[in-house]
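Chemist: Mapping of the sequence shown onto numbering that gives the first Met the number 0: residues 0 to 177, in sequence order. Heads up, the beta-carbon is just placed ideally off N, CA and C, and yes, glycines get one too.
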Amino acid sequence: MTKEYNKRIVRRFNKKLWNKKDLDIIDELIADDYADRTAPPEFFEDELKGPDRLKEVVTRIQKEFLDIHVYIKDQIAEDDQVVTCMTWECTLNNKDDPANPLIFTLQSIGIDHIENGRIVENWNTLDALYRLINLLKLQDPFIDPDTPFPDGTCNRDADCGGDKRFRCWLGRCQRISA
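1. Based on Cα-Cα distance, which residue from 54, 28, 108, 26 lies nearest to residue 76?
2. Looking at C-beta atoms only, is the number of pairs between the region 80-95 and the region 22-31 that lie closer than 8 Å three or more?
3. Suppose contacts are defined by Cβ-Cβ distances below 8 Å. Is residue 122 in contact with residue 36 by that definition?
4. Along the chain, which unbroken stretches of the beta strand (DSSP E) at least 3 residues long are found entirely within the region 18-78?
5. Which residues in the same chain as residue 72 place their Cβ atom closer than 7 Å to its Cβ, once the five residues preceding and following it in sequence are excluded?
6. Less than 8 Å between the beta carbons of residue 33 and residue 118, yes or no?
7. Mapping the DSSP letters down to three states, classify residue 124 as helix, strand or coil.
8. Use the C-beta contact count for residue 13: other C-beta atoms within 10 angstroms, 16 or more gives buried, fewer gives exposed.
9. So, residue 16 versus residue 57, is the Cβ gap smaller than 8 Å?
10. Could you spell out where the alpha helix (DSSP H) holding residue 5 opens and where it closes?
11. Here's a check: name, in chain order, each residue in its chain whose Cβ is nearer than 6 Å to the Cβ of residue 48, leaving out the five neighbours to either side.
12. For residue 82, list the residues DSSP reports as bridge partners.
13. At the level of alpha carbons, what is the spacing between residue 99 and residue 11?
14. In the DSSP assignment, what are the bridge partners of residue 91?
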């Protein structure tokens with residue numbers, strides 16, 4: 000398989016699984032001996048191995064989230080491995096206030112090992128700091144909210160037109176709620 004073909008496999012898998020909520024893509028593109036190396040084994044009741052176990056975990060995640068949408072920003076392939084940089088836009092059920100779901104963005108880098116046109120292993124890192132900033136709506140301690148940046152970019156909510164669904168983070172408006 001070519002590097003480009005392997006990149007297409009990973010792109011198709013992520014877009015179908017997360018954006019379309021298509022669990023059938025697991026049967027099509029995940030190998031029988033698949034192993035997810037992302038979370039430590041103690042995170043799950045047992046190891047995350049095989050397509051059926053992956054379906055269970057994804058189903059559980061999809062029940063907690065109203066929506067998950069992934070955007071593939073970049074990919075690099077070498078031999079039988081594909082590195083994918085993604086942005087995740089997530090809408091989480093808010094058990095305390097169901098009318099106001101929590102919306103946040105994550106960055107991730109995943110490494111997929113491909114054999115015979117199927118994903119056999121995955122390692123994935125999610126930017127936990129980025130997640131905390133979005134969930135807790137933390138303000139960057141280095142930004143003075145009352146002083147505009149020299150280039151005129153965001154100072155708190157100015158670039159966002161005062162829209163409270165956004166928060167300034169490192170000079171960029173980030174969506175934090177619906």
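Modeler: Straight from the coordinates:
1. 108
2. no
3. yes
4. 29-35, 64-77
5. 84, 85, 86
6. yes
7. strand
8. buried
9. yes
10. 2-13
11. 34
12. 75, 110
13. 31 Å
14. 64, 101
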